[in-house]
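Undergrad: Pasting a structure below so you can have a look.
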Amino acid sequence: MHRLTALTAFLTSLAATATAQQTPASIDTLALRAHTYFLSHDLLAGRGTGTRGGRVASLYLATAAARIGLTGAIAGGFYQDVPLEAATLDTVATTLTLTARGPSGESRAVFHAPAEFLPNAGTAATLVSFAGSVVYLGSASDVLAHADRLPPLAGRVALMAGTLGGFAAAADTLRAHGATGILQGVATASQYDLFVASRGLTRMYARSEDTATSFAASLPAVLVHPDVVRRLIAGADTFRVQVTESLATRTLPARNVVALVRGSDPALRGEVVVFSAHYDHLGFSTPDASGDSIYNGFSDNAAGSAMLLAIAQVVAASPPPRSVLFLWTTGEEMGLLGSDWFVAHPAVPLDSIVAVINLDAGAPPGLVVTWNVQGGVHSSLGPTAAEVAHRHGWEVHLQPATPNSDHYPFHRAGIPTAFLVPAPAPYEGMTTEASRALQRHWDHYHQPADEWRGDFPFAGLARYAGFALELALEVARGPRPAMTR
Ligand SMILES: [Zn+2]
281 MHRLTALTAF
291 LTSLAATATA
301 QQTPASIDTL
311 ALRAHTYFLS
321 HDLLAGRGTG
331 TRGGRVASLY
341 LATAAARIGL
351 TGAIAGGFYQ
361 DVPLEAATLD
371 TVATTLTLTA
381 RGPSGESRAV
391 FHAPAEFLPN
401 AGTAATLVSF
411 AGSVVYLGSA
421 SDVLAHADRL
431 PPLAGRVALM
441 AGTLGGFAAA
451 ADTLRAHGAT
461 GILQGVATAS
471 QYDLFVASRG
481 LTRMYARSED
491 TATSFAASLP
501 AVLVHPDVVR
511 RLIAGADTFR
521 VQVTESLATR
531 TLPARNVVAL
541 VRGSDPALRG
551 EVVVFSAHYD
561 HLGFSTPDAS
571 GDSIYNGFSD
581 NAAGSAMLLA
591 IAQVVAASPP
601 PRSVLFLWTT
611 GEEMGLLGSD
621 WFVAHPAVPL
631 DSIVAVINLD
641 AGAPPGLVVT
651 WNVQGGVHSS
661 LGPTAAEVAH
671 RHGWEVHLQP
681 ATPNSDHYPF
691 HRAGIPTAFL
701 VPAPAPYEGM
711 TTEASRALQR
721 HWDHYHQPAD
731 EWRGDFPFAG
741 LARYAGFALE
751 LALEVARGPR
761 PAMTR
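Throughout, the numbering used here is defined as the position within the sequence shown, counted from one, plus 280.
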């Protein structure tokens, strides 16, 4: 080693020590490494919902939780069964047919799944065939903004720009106006291909009717390739569309993992702070260019699952006055299935839950100093998160809750929620450009390359977990958060 290199290495190790001191000392970074390593291992085959790999992941979480002193929160056990139905598309019988009547007679075009269109998340009631004349309505936010000025929709099919995203309520509006279904025009071919590759041909939903669906639209909805969208827009108002869906269903034994640390104060331990993170992922799906077909979900969401265990380790060692419940959900990727189920069948009374902190935003490869707190605008939990962040000199943006992760069903039930998300801003000590390059290097959202690597820097994940821990402890001993809007 050159002397200069040795000096650099020494200085780097000093810097690393300084960085480590800024991260809450209580988060065990080695535990984060070990848990993410196991959970995202190829042997778990991408932890598909209701598969053996997913079940092994739940066994690991329950075992690790017991090892650090947590107790099962479901009649003394750790598992909450979430009975699901899995519906797999018959790609031959599932078609989208356009019929246009022009001066020269009738023309027909038939499109096929999944290359040209793809049924989106749904339930037994919405994974069905639908038909009607096509009407173009713009984006989901347009629909909500102009709900009073929509054209007649009874018996018609709504063509929309983009997916529903945070505007799921647009489907309810269209349904109320009598629309029969939604064609969601995906903006780019690469986005469309990502949907097809990562979602595959199987849709899942709860088998019980008493479970609300927070993610799936209340109308049949299909994703449409941009090439087909262009044709549709050119001829909207003259086209009639028939979407024929054929699916084969089977039951699937999925489960949530639910563990508890009882509060230290007998007067407050009946109130509960909930941590949520989904532990299963996409399983096997379309191979990438290298031939890898295992969607390991290291960042999404082995990272969040590991954070819950690392946080639980600290909480169990010194319980705060209120109880803390750790909920590892199943089926988030399939449409918030485990969290919807938990809210419909809660392990503790819903009105005893004082706050929900959700972790599902991936593993930041740098030290985050700017956070988005999704759901933070609706309750005093948001300002409390901001206070905690400000102590460290971090910045916080409070945002509305949207149905993009497991906090949302709790939000719908009127419970204060915070989904902590690293903002797309420079990491500590880095330029915008360098931070973006680092993000690009590590971000493989919903791809087989989202997998464990030995050189991943875990300091950012430790800080993320530390922030969540500090917020939870604040809430578990401070005033009960209140909904504000
Ligand atoms: Zn996720």
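All C-beta atoms, glycine included, are put in the ideal place defined by N, C-alpha and C. Here the structure is a predicted model, which is why all the values come from computation and not from measurement.
Name the one or two DSSP bridge partners that A624 has.
TA: Its beta-bridge partners do not exist; DSSP assigns none.
Undergrad: Starting from R530, follow its DSSP beta bridges and name the residues at the other end.
TA: Paired residue(s): A366.
Undergrad: For ligand 1, is there a heavy atom less than 7 Å away from the beta-carbon of N638?
TA: N638: no, Cβ never under 7 Å from ligand 1.
Undergrad: Give the list of continuous beta strand (DSSP E) stretches no shorter than 3 residues that lie fully inside the stretch 553 to 636.
TA: 603 to 609, all fully within the stretch 553 to 636.
Undergrad: Kindly say whether V372, judged by its beta-carbon, lies nearer than 8 Å to any beta-carbon of chain C.
TA: No chain C is part of this structure, which consists of one protein chain only.
Undergrad: Mind checking whether E675 and A681 have CB atoms under 8 Å apart?
TA: Cβ distance not < 8 Å, so E675 and A681 don't count as in contact.
Undergrad: Whose C-beta lies closer than 7 Å to the C-beta of S565 among residues of the same chain, with five residues either side of it excluded?
TA: Same-chain partners within the cutoff: A477, S478, G480, S573, Y575.
Undergrad: Looking at ligand 3, does it come within less than 7 Å of H558, judged from the CB to the closest heavy atom?
TA: The model depicted lacks ligand 3 and carries ligand 1 instead.
Undergrad: Can at least three beta-carbon pairs, one atom from the stretch 380 to 389 and one from the stretch 494 to 501, be found at a separation below 8 Å?
TA: Taking 8 Å as the limit for Cβ pairs, the verdict is that the stretch 494 to 501 does not touch the stretch 380 to 389.
Undergrad: From A534 to T610, what does the alpha carbon distance come to, in whole angstroms?
TA: Roughly 7 Å separates the two Cα atoms.
Undergrad: Tell me the DSSP secondary structure of F747 in three-state form.
TA: Helix at F747.
Undergrad: Just how far apart, CA to CA, sit V552 and W621?
TA: C-alpha separation (whole angstroms): 18 Å.
Undergrad: Let me check one thing: in DSSP terms, what residues is V423 bridge-paired to?
TA: V423 is not bridged to any residue.
Undergrad: Would S494 pass as a contact of P696 if the rule is Cβ separation under 8 Å?
TA: No; because the gap between Cβ atoms is not below 8 Å, this pair is not in contact.
Undergrad: Closest to A693 by CA distance: which of G655, E708, V408, A486 is it?
TA: The candidate whose alpha carbon is nearest that of A693 is G655.
Undergrad: Does the distance from the CB of V466 to the CB of T491 come in under 8 Å?
TA: Cβ atoms of V466 and T491: not closer than 8 Å.
Undergrad: Which residue or residues does DSSP assign as beta-bridge partners of E675?
TA: In the DSSP output, where bridge partners are listed per residue, E675 has T650.
Undergrad: When the distance is taken between beta carbons, is A586 closer than 8 Å to L339?
TA: The answer is no: Cβ separation not under 8 Å.
Undergrad: Using three-state DSSP, classify E754 as helix, strand or coil.
TA: Three-state result, E754: helix.
Undergrad: What do you get for H392, buried or exposed, if any count of 16 or more other CB atoms within 10 angstroms of its CB means buried?
TA: Label assigned to H392: exposed.
Undergrad: Could you tell me if the beta carbon of N576 falls within a distance shorter than 7 Å of some heavy atom in ligand 1?
TA: For ligand 1, not one heavy atom lies less than 7 Å from the Cβ of N576.
Undergrad: Is it the case that the CB of E612 approaches a heavy atom of ligand 1 more closely than 7 Å?
TA: Correct: E612 has its Cβ closer than 7 Å to ligand 1.
Undergrad: Give me, in chain order, the residues of the same chain whose beta-carbon lies closer than 8 Å to that of H658; leave out the 5 immediate sequence neighbours on both sides.
TA: P680, A681, H691, P696, T697, M763, T764, R765.
Undergrad: When you measure from the CB of D620 to every non-hydrogen atom of ligand 1, does any distance come out below 7 Å?
TA: It does not: the Cβ of D620 is nowhere closer than 7 Å to a heavy atom of ligand 1.
Undergrad: Have a look at T531 and T351 and give me their C-alpha separation to the nearest angstrom.
TA: Going by the C-alpha atoms only, they are around 29 Å apart.
Undergrad: Looking only at its chain, what residues have a beta carbon closer than 6 Å to the beta carbon of Y707, apart from the 5 residues adjacent to it on each side?
TA: The answer, listed in chain order, is G646, L647, S715.
Undergrad: Quick one, which of T711, F397, F475 has its alpha-carbon nearest V504's?
TA: V504 has its Cα closest to that of F397, out of T711, F397, F475.
Undergrad: Hey, out of L540, L376, G326, L474, whose CA is closest to L589's CA?
TA: If we check each option's Cα against that of L589, L540 comes out closest.
Undergrad: I think V628 touches F555, with their Cβ atoms under 8 Å apart; what is that distance to the nearest whole Å?
TA: About 13 Å separates the two Cβ atoms, so there is no contact after all.
Undergrad: Between which two residues does the beta strand (DSSP E) harbouring S387 extend?
TA: Segment 385 to 392, the beta strand (DSSP E) holding S387.
Undergrad: For T377, which residues of its own chain have a beta-carbon under 6 Å away from its beta-carbon, when the five flanking residues on both sides are left out?
TA: Excluding residues within five positions, the ones whose Cβ falls inside 6 Å are V390, Q522.
Undergrad: Using 8 Å as the threshold, is the C-beta distance between R602 and A756 below it?
TA: The answer is yes: Cβ separation under 8 Å.
Undergrad: Would you mind reading off the limits of the beta strand (DSSP E) that contains I695?
TA: No beta strand (DSSP E) contains I695, which DSSP labels as neither H nor E.
Undergrad: Residue range of the alpha helix (DSSP H) that P399 falls in?
TA: That residue, P399, is in no alpha helix (DSSP H); its beta strand (DSSP E) goes 397 to 399.
Undergrad: Name the DSSP beta bridge partners of S413, please?
TA: R436, R520, per the DSSP bridge assignment.
Undergrad: Using 10 angstroms around the beta-carbon of L741, count the other beta-carbons present and answer buried if the total reaches 16, otherwise exposed.
TA: Buried: at least 16 other Cβ atoms inside 10 Å.
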